[in-house]
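Trainee: Those protein sequences? They're chains F and X, same order as listed.
For the first sequence, position 171 (counting from the first letter as 1) is numbered 169 according to this note's numbering, and the numbering increases by one without interruption.
For the second sequence, position 348 (counting from the first letter as 1) is numbered 330 according to this note's numbering, and the numbering increases by one without interruption.
Pasting in a structure now, in structure tokens, and then I'll have a few things to ask.
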Amino acid sequence: MDAQVAQFTAVTGASAKDARKYLTKYKRLDLAVDAYYNNPPTPAPQASTSKLNALFDKYKDGDDITIDGTIKLCEDLDVNPEDVVLLAVAYELKSPSMGQWSRKGWVDGWKALGVDTIDGMKTTLQKLREQLATDTDYFRHVYNYTFEFSRPPGQRSLGLDMAQGFWQILIPHGLQGGALAHVPSAAQDEDGDDSMDGSGGPEEGWKDDYTQWWSEFLEKNGTKGVSKDVWQMFFEFVRTIDSKFEKYDVEAAWPSTIDDFVEYAKNRVAGNA
Amino acid sequence: MATAGNNQYPMPPPNADLATTWAYLEEGVDHIMTKLQTGVSYSKYMSLYTVSYNYCTSSKMHGTGEGGAVGHRTGANLMGSDLYNNLIKYFVNHLKTLRTASDPLQDEALLRYYAQEWDRYTTGANYINRLFTYLNRHWVKRERDEGRKGVYPVYTLALVQWKSNFFLHVQSKHSKLAGAILRLIERQRNGETIDQGLVKKVVDSFVSLGLDESDINKVSYEVYREHLETPFLDATEKYYQQESKAFLSENSVADYLKKAEERLREEEDRVERYMNTNTRKALIQKCEHVLIREHAELMWESFQGLLDYDKDEDLQRMYALLSRIPEGLEPLRKKFEEHVKRAGLAAVAKLVGEGGAAAEVDPKAYVDALLEVHQKNSETVTRSFRGEAGFVASLDKACREFVNRNAATGTSTTKSPELLAKHADALLRKNNKMAEEGDLEGALNKVMILFKYIDDKDVFQSFYTTKLSKRLIHGVSASDEAEASMISKLKEACGFEYTNKLQRMFTDMSLSKDLTDNFKERMQQNHDDMDITFSIMVLGTNFWPLNPPTHDFIIPQDILPTYTRFSQYYQQKHSGRKLTWLWNYSKNELRTNYLNQKYILMTSSWQMAVLLQYNNNDTLSLDELVTATAISKDILKQVLAVLVKAKILINEEADQYDLNPGFKSKKIRINLNMPIKAEQKAESTDVLKNVDEDRKYVIQATIVRIMKARKTMKNQALIQEVIQQISQRFTPKIPDIKKAIDHLLEKEYIERVEGTRDTFAYVA
């Protein structure tokens, strides 16, 4: 990767950061370079600190923007307060907790995104929504940040109802855009024998229904809170598990909650078949 | 004859020519070779020696051109080769005669002739060799030094000539010589007596004929191997193949084992008697292959039958035979393991069947059944398998299997340790007959045999602790000595930590005794009238598996002063310690005064509290009693039921209890203190619940300890390590370990290493 980045920057004169972005997306050096010339990165327009401060003052309530300000902001941005994109915004603006925005996070965040007007923000939201749906790494960051910022202060786990809510908006979004596209299990990659499995087509992964199963399973199990480990590993699980739950490795380091879920899901798959 | 020779050939002068010299020498050589038994005089021998010496040292040229084979040389060289070539010629002629004589001979006659001539020939050759010492030392040595390997010292030359002119000739006729030996050996195998000395002599000649061309002083087994050993081994294989096949078609495997054992011994003997020792390894290997390996499957198959009918000797034999071939014992070990496991399971199934399905198994019967299977098979291992480690391992594996999982335990891994602990309790109790018979120690040792196989040693520990506490509190332990002995056995098996609590319990007991004595003394000094006999046990909360009463209790007036005095005394002595009164474990004795006959009633605290109410009343309602004692209605009802059943109280109207004024009993001391059913049942579940809780902590603590030492570790390795460290106490289940990992992740004792899915790191 590093060697490719070096070549990329040498050819295009682009920054290493941009090089990385294109290479990650297109994998092959030649494709990445082509893409760079066809669709050069738009240089981040300079956003005005004073404009952003002014906007912040408009929504703030005390030191920070709080719930009321957030709702108003959502109205102005034409976005549902439960829209998944707001989790990406929370990540970008380092929101300390649900519906709360600090001045520093606000100004630095929007500046980094290069916007200082409500209209600009509307466009940026579209872009973020797109990125969240397609870019696995970005999805992972937003997903992990979601747990951190929505966790009640002083608690190690996230309440089940909250977690369920987030999964219901995040997982379908990532599945639909490809950020959560199925990654066949590692063993197959190493042996390079995925074609051996006879079914012909590529292995299927997580299905939309399963998010609901997961929710129901946790409720049935009497789970009250979701630990950080279960939260983070669930993301990996969704990406790697096959649609029949057959290739799950119980011996691997999955949290036992996921072990139990696989048992549950296997039964459910068998029952439905 | 000897003198005639002398006359015929006078000793030639030192400078005599070859013809004269050789004529003289040849006559002497022939004499030595063919009729040595008639003797050679010293002077004759010396003159022969001198002539050969003289000839070799004479420097003048003879130039006779007779030295054909070795070629023309000058001086001593030529002289030597003359003699040497003439010697060869002599041996060739001599052996031709022997050959002709041997041609019509067969088998034993041939062997006899061969052996006799071999003796004569080698003896003669020895003399000749010495006769030509000078030739050997100079001419032969030089020739060999110059690299002519075809030139040998005279004795060796004689052997070389024997081999090529006689031995190989005889052998060339369908290996007539070796064949004769093999036929003789076969006759011996068939049970005939043969002349072993004769065979040995001929066999030895085969070895002697081997010649290491590069170093003639070394023995070479080439001739022996080629002409005798190889055909011998082939014949052996064929012979035993046929024999064992024929034998097995008519006899049992058990008989065959005897036969094979015998045959192997015979063959060992055979090597000893007349074959070369080098043959031993190959011969025994061949025999083991034909006699054992080729019939191993059959032996493996019939192993079970021998086990079933306790055929000790046959088993022993089969073990001894199969242990001689590689991998021969492995199937036996596997079958033995299965056998022991089946026996164990069957013994328990029988026991359970007798008691009716699902009925509670008697601990003693259960333990005895397990022990019987163990002992029987352990004896088999010692007796028939010489205590071989592989069989010991099979036995242990099988025992571990059926001791922990059988018809009595079902799927529960805690049943066996529970039953074993109960059995140990029965042994250590006062009323046990074993103790009187003095065989208690033996019985405890047997408990330890099974203990070794128990997977969940922590469950045993919990039950044992509970039972021990009961024995100590109720004073029903058979002897301190036996208790101490059992504890030291457990300590030896599982370490200090395992028995720590048990030992603390004993300490508490002896401290309590002192405390009671001291308290009494103090009371006497203070002249606090003690109309109540009182003794106390103060037991450390952490070491005793005891629970305080679950309900309130109003301490009866009659004992309240004692209660208060002791509480004060104790607080004085150990300020800051909290005393919890375990009324539910206390015992009391009450004397009756309301009847003509005085009785002593042995009661529980609850019974005592109820009965004391009747000092002031003859009739009381259930509610009145609840108010007076604060014992919960449920328990009180059960307490009263016992008293009513014993006819101390009468319960004619609902919830109305009257003192029975007409109470009568044959015994003066009446024990009313029976455990209430509800309490008894709760015991087992309580113990198991505690075990489960303990296990969680043990697993978590083990993980933290491992992670603290290793810092980072892969999931798999961590789980393995945890299992390995804990399995001494119990077998942790993987889901339980994973739950503990989850818990520690959540509590942030450990974390997942960034960017990995299966590696954990210790969080300092």
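For every residue, glycine included, the Cβ atom is placed at its ideal position computed from N, Cα and C.
Predicted, not measured: the structure shown is a model, and the values here were computed from it.
Pick from X/A403, X/K316, X/E249: whose alpha carbon is nearest that of X/P345?
Mentor: It is X/A403 whose Cα lies nearest to the Cα of X/P345.
Trainee: Pairing CB atoms from the segment 165 to 183 of chain F with CB atoms from the segment 129 to 143 of chain F, are three or more of them under 8 Å?
Mentor: At 8 Å Cβ cutoff, the stretches touch.
Trainee: Which residues in the same chain have their Cβ closer than 8 Å to the Cβ of X/T741, if we skip the five residues on either side of it in sequence?
Mentor: Once the five neighbours on either side are set aside, the close Cβ partners of X/T741 are T694, M695, K696, N697, R734, V735.
Trainee: Can you give me the start and stop residues for the alpha helix (DSSP H) that F/D117 sits inside?
Mentor: Unbroken alpha helix (DSSP H) run through F/D117: 116 to 132.
Trainee: First and last residue of the alpha helix (DSSP H) that includes X/M300?
Mentor: Per DSSP, X/M300 belongs to the alpha helix (DSSP H) from 294 to 304.
Trainee: Measure the CB-CB distance between X/S366 and X/D290 and report whether it falls below 8 Å.
Mentor: No, the pair does not count as a contact, with Cβ atoms beyond the cut-off.
Trainee: To the nearest whole angstrom, what separates the beta carbons of X/W144 and X/L191, a pair I think is in contact under 8 Å?
Mentor: Indeed they touch by this definition, with Cβ atoms about 7 Å apart.
Trainee: In terms of DSSP beta bridges, what is X/K696 paired with?
Mentor: Partner(s): X/T741.
Trainee: Which residues in chain F have a C-beta closer than 8 Å to the C-beta of X/E208? List them in chain order.
Mentor: Those do not exist, as X/E208 stays about 55 Å from chain F at its closest Cβ, beyond 8 Å.
Trainee: Could you tell me which chain F residues have their CB closer than 7 Å to the CB of X/Q698, listed as they occur along the chain?
Mentor: Residues of chain F passing the Cβ test: E249.
Trainee: Work out the CA separation of X/P714 and X/A701 for me, nearest whole Å.
Mentor: As written in the sequence, residue 701 of chain X is Ile, which differs from the Ala given in the question. If I take the Cα positions, the gap works out to 10 Å.
Trainee: Below 7 Å CB to CB, which residues in the same chain sit around X/E48 once its five sequence neighbours on both sides are set aside?
Mentor: Caution is warranted here: a pLDDT of 44 is assigned to X/E48, below 50, making its placement in the model unreliable, and the coordinate value is therefore given only provisionally. Around X/E48: L0, D64.
Trainee: For the alpha helix (DSSP H) holding X/M28, just list the boundary residues, first then last.
Mentor: Counting along the chain, the alpha helix (DSSP H) containing X/M28 begins and ends at 24 to 39.
Trainee: With a cut-off of 8 Å, does the C-beta of X/R692 fall near any C-beta of chain F?
Mentor: Output row for X/R692: interface = no.
Trainee: Assign X/L583 to one of three DSSP states: helix, strand, or coil.
Mentor: Correct three-state label for X/L583: strand.
Trainee: In three-state terms, what does DSSP make of F/L84?
Mentor: Of the three classes helix, strand and coil, the one that applies to F/L84 here is helix, per DSSP.
Trainee: Mapping the DSSP letters down to three states, classify F/W211 as helix, strand or coil.
Mentor: F/W211 falls in the helix class under three-state DSSP.
Trainee: Write down the C-beta distance between X/I685 and X/T611 rounded to the nearest angstrom, noting that I regard them as a contact closer than 8 Å.
Mentor: No, X/I685 and X/T611 are not in contact; Cβ-Cβ is about 49 Å, not under 8 Å.
Trainee: Starting from the beta carbon of X/D740, find every residue of chain F whose beta carbon is closer than 7 Å, and list them in chain order.
Mentor: Within 7 Å Cβ-Cβ: A250, A251.
Trainee: Can you find at least 3 beta carbon pairs, one from the segment 528 to 546 of chain X and one from the segment 554 to 574 of chain X, that sit closer than 8 Å?
Mentor: Contact between the segment 528 to 546 of chain X and the segment 554 to 574 of chain X is present, because at least three Cβ pairs lie under 8 Å.
Trainee: Among X/Q710, X/R573, X/T489, which has the Cα closest to the Cα of X/G522?
Mentor: For X/G522, the nearest C-alpha among the options comes from X/T489.
Trainee: For F/V224, write down the residues that DSSP places opposite it in a beta bridge.
Mentor: F/L156, per the DSSP bridge assignment.
Trainee: How about X/F712 and X/D438: do their beta carbons lie closer than 8 Å?
Mentor: Taking 8 Å as the Cβ cut-off, X/F712 and X/D438 qualify as a contacting pair.
Trainee: Assess contact between the segment 138 to 155 of chain F and the segment 88 to 95 of chain F, defined as three or more Cβ pairs (one per stretch) separated by less than 8 Å. Is contact present?
Mentor: With a cut-off of 8 Å, the segment 88 to 95 of chain F and the segment 138 to 155 of chain F count as touching, because enough Cβ pairs lie within range.
Trainee: Start and end of the alpha helix (DSSP H) containing X/T447?
Mentor: Looking at the DSSP string, the run of the alpha helix (DSSP H) that includes X/T447 is 439 to 455.
Trainee: If you measure beta-carbon to beta-carbon, which residues of the segment 143 to 162 of chain F are closer than 9 Å to chain X?
Mentor: Going along the segment 143 to 162 of chain F in chain order, one finds R154, S155 with a Cβ nearer than 9 Å to chain X.
Trainee: Could you please give the first and the last residue of the uninterrupted alpha helix (DSSP H) stretch that includes X/E733?
Mentor: Looking at the DSSP string, X/E733 is not in any alpha helix (DSSP H); the run it does join, the beta strand (DSSP E), is 732 to 734.
Trainee: Quick one: is X/G392 buried, meaning 16 or more other Cβ sit within 10 Å of its Cβ, or exposed?
Mentor: By the 10 Å Cβ count, X/G392 comes out exposed.
Trainee: Looking at C-alpha atoms only, which residue of X/D600, X/V626, X/K555 is the closest neighbour of X/Q589?
Mentor: When each option's Cα is compared against that of X/Q589, the closest is X/V626.
Trainee: Which one of F/Y24, F/G11, F/K58, F/T122 has the shortest CA to CA distance from F/W99?
Mentor: Ranking F/Y24, F/G11, F/K58, F/T122 by Cα distance to F/W99 puts F/K58 first.
Trainee: Taking X/K753 as part of the alpha helix (DSSP H), name the residues at either end of that continuous run.
Mentor: Residue 753 of chain X lies beyond the range of chain X shown here (-17 to 746); nothing can be said about it.
Trainee: Would you mind reading off the limits of the beta strand (DSSP E) that contains X/T601?
Mentor: Its beta strand (DSSP E) spans residues 601 to 603.
Trainee: Distance check for X/V621 and X/S666, CA to CA, integer angstroms please.
Mentor: X/S666 and X/V621: Cα-Cα distance of roughly 22 Å.
Trainee: For a minimum of 4 consecutive residues, which ranges assigned as the alpha helix (DSSP H) are wholly contained in the segment 165 to 221 of chain X?
Mentor: Correct list: 178 to 190.
Trainee: Using 8 Å as the Cβ pair cut-off and three pairs as the minimum, do the segment 266 to 275 of chain X and the segment 209 to 229 of chain X touch?
Mentor: Touching, yes.
Trainee: Can you name, in chain order, every residue of its own chain whose Cβ lies under 6 Å from the Cβ of X/V441, other than the five neighbours on each side?
Mentor: Correct list, in chain order: T396, P399, V673.
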